[in-house]
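**Q** Protein chains in written order, with numbering that gives the first Met the number 0: chain P, 0 to 146; chain D, 0 to 146.
Protein chains: 2
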Amino acid sequence: MLKSAREVFMDYLRERDMNLTPQRALIVEAFLAEEGHFTSEQLYIKARKADPSIGQATVYRTLKLLVDSGLAETFDIGEGVALYEHGYGHAHHDHLICTKCGRKVEIVDEVIERRQEDLAEEQGFTLTRHRMLLFGTCPQCLEGKES
Amino acid sequence: MLKSAREVFMDYLRERDMNLTPQRALIVEAFLAEEGHFTSEQLYIKARKADPSIGQATVYRTLKLLVDSGLAETFDIGEGVALYEHGYGHAHHDHLICTKCGRKVEIVDEVIERRQEDLAEEQGFTLTRHRMLLFGTCPQCLEGKES
DNA sequence: TTAATTGCAAATCGTTTGCTGAAAG
DNA sequence: CTTTCAGCAAACGATTTGCAATTAA
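This is how it looks when you write it as structure tokens:
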């Protein structure tokens, strides 16, 4: 049985003699409750609802811990802000992004995943992670534009 | 026959009543002479060799024109700086990046390209561009580490 | 002479960091 | 007591922008 996300984080903290402070606990809960992709700012706003005295730096620092512990993944779609999402106990997926409305659809494809491994191997690389972003126009925005 | 990169840029400027100033010409030449990936800063340093009075803002502004005209492509590998590379008359490719030494290998794969199109279509999206980054450890860095 | 363009410096903006006091073991 | 943390504000670093002076058509 897989460890729960909270266990993973606790173990991570314990290993490096760090504490689960109320602030960290609160930010992690806000993080776990979050769906989809979000920015540090968005998590900050959410965390502040639970405790208005939370500082933005603490959110940044905790997000770094979450990424480092494997609970979160971060990526950049070139908009000047880092995006975060769950990364533990979630099947890997890539993103299809509408450049008109910003909608992001998660996609998975076995064929691509396998080819990526093969390509890396052909070059003698050991693959640790990858990021695939497909940019286009979503059905809704296409409709609006065609008229 | 395909238009040359310089022609593309000239046409682009003409269409919007912009001029090919000495600074722009110089930056474009530096850009065209560049191989592989580079940052705005790197292009700035190179351009300054041809004309030390060039301003960094002009390089940023011209790079934007280059991207907009289709001559350049830009992407972000999450290091806080935008990377640029040629995007006209060059077959599309993706990147395999060594997270130890930063080496970047260009890769192309028909199978993946096709699947990407299919995936987008399945969701009703019209694909305009995509970005695939594979992160791992290159053969050289693997050797060093194994010992 | 009129609009486009430059270089400079100041402004932005997301993110990081130094510092001081508070809290945890 | 000793170390870890939080919050704040200042620092940062890449990129953008306002502006006055310069250049191109």
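All C-beta atoms, glycine included, are put in the ideal place defined by N, C-alpha and C. Remember, it's a predicted structure, so these values are computed and weren't measured experimentally.
Pull up the distance between the alpha-carbon of D:D108 and that of P:T127, whole angstroms please.
**A** Taking the second sequence and counting its residues from 1, one reaches residue 108 of chain D at position 109. Taking the first sequence and counting its residues from 1, one reaches residue 127 of chain P at position 128. Each residue's Cα considered, the two are about 19 Å apart.
**Q** What distance in whole Å lies between the Cβ atoms of D:G135 and D:L82, which are believed to be in contact at a cut-off of 8 Å?
**A** In the second sequence, counting from the first residue as 1, residue 82 of chain D sits at position 83. In the second sequence, counting from the first residue as 1, residue 135 of chain D sits at position 136. About 18 Å; that fails the 8 Å criterion.
**Q** Taking only beta carbons into account, state which residues of the segment 56-73 of chain P come closer than 8 Å to chain D, listed in chain order.
**A** If the cut-off is 8 Å between Cβ atoms, the segment 56-73 of chain P has T73 near chain D.
**Q** What are the residues that DSSP puts in a beta bridge with D:M131?
**A** Counting from 1 along the second sequence, the entry for residue 131 of chain D is found at position 132. Bridge partners of D:M131: P:M131.
**Q** Provide the residue span of the alpha helix (DSSP H) that contains D:I106, from first to last.
**A** Residue 106 of chain D sits at position 107 when you count from the first residue of the second sequence. Here D:I106 belongs to no alpha helix (DSSP H); instead the beta strand (DSSP E) covers 103-106.
**Q** For a contact defined as C-beta to C-beta under 9 Å, what are the partners of D:G123 on chain P?
**A** As a working note, residue 123 of chain D is residue 124 in the second sequence. The answer, in chain order, is C137, P138, Q139, L141.
**Q** Suppose the cutoff is 6 Å on Cβ atoms and the five residues either side in sequence are ignored; what does the same chain contact list for P:Q43 look like?
**A** Walking along the first sequence from the start, residue 43 of chain P turns up at place 44. Residue identity check: residue 43 of chain P is Tyr in the sequence provided, not Gln. Once the five neighbours on either side are set aside, the close Cβ partners of P:Y43 are Q55, V58.
**Q** Starting from D:H94, follow its DSSP beta bridges and name the residues at the other end.
**A** The residue given as residue 94 of chain D occupies position 95 in the second sequence. Paired residues: D:E105, D:L132.
**Q** Which same chain residues end up closer than 8 Å to P:I106 when comparing Cβ atoms and leaving out the 5 residues on each side of it in sequence?
**A** Residue 106 of chain P sits at position 107 when you count from the first residue of the first sequence. Cβ neighbours of P:I106 beyond the five flanking positions: H92, D93, H94, L95, L133.
**Q** D:P138 to D:G79, Cα distance in whole Å?
**A** Taking the second sequence and counting its residues from 1, one reaches residue 138 of chain D at position 139. Taking the second sequence and counting its residues from 1, one reaches residue 79 of chain D at position 80. D:P138 and D:G79: Cα-Cα distance of roughly 26 Å.
**Q** Taking Cβ to Cβ, would you say D:L31 is nearer than 9 Å to P:T125?
**A** On the second sequence, position 32 is the one that residue 31 of chain D refers to. On the first sequence, position 126 is the one that residue 125 of chain P refers to. Contact flag unset, no.
**Q** If the criterion is Cβ atoms closer than 9 Å, does the pair P:G35 and P:E72 meet it?
**A** By one-based count along the first sequence, residue 35 of chain P stands at place 36. By one-based count along the first sequence, residue 72 of chain P stands at place 73. No. Outside cutoff.
**Q** Applying the criterion that 16 or more other CB atoms from any shown protein chain within 10 Å of the CB defines a buried residue, is P:K2 buried or exposed?
**A** Taking the first residue of the first sequence as position 1, residue 2 of chain P is located at position 3. Burial call: exposed.
**Q** Select from P:L65, P:G69, P:S68, P:A24 the residue whose C-alpha is nearest the C-alpha of P:R47.
**A** Looking up residue 47 of chain P in the first sequence gives position 48. Measuring from the Cα of P:R47, the nearest candidate turns out to be P:A24.
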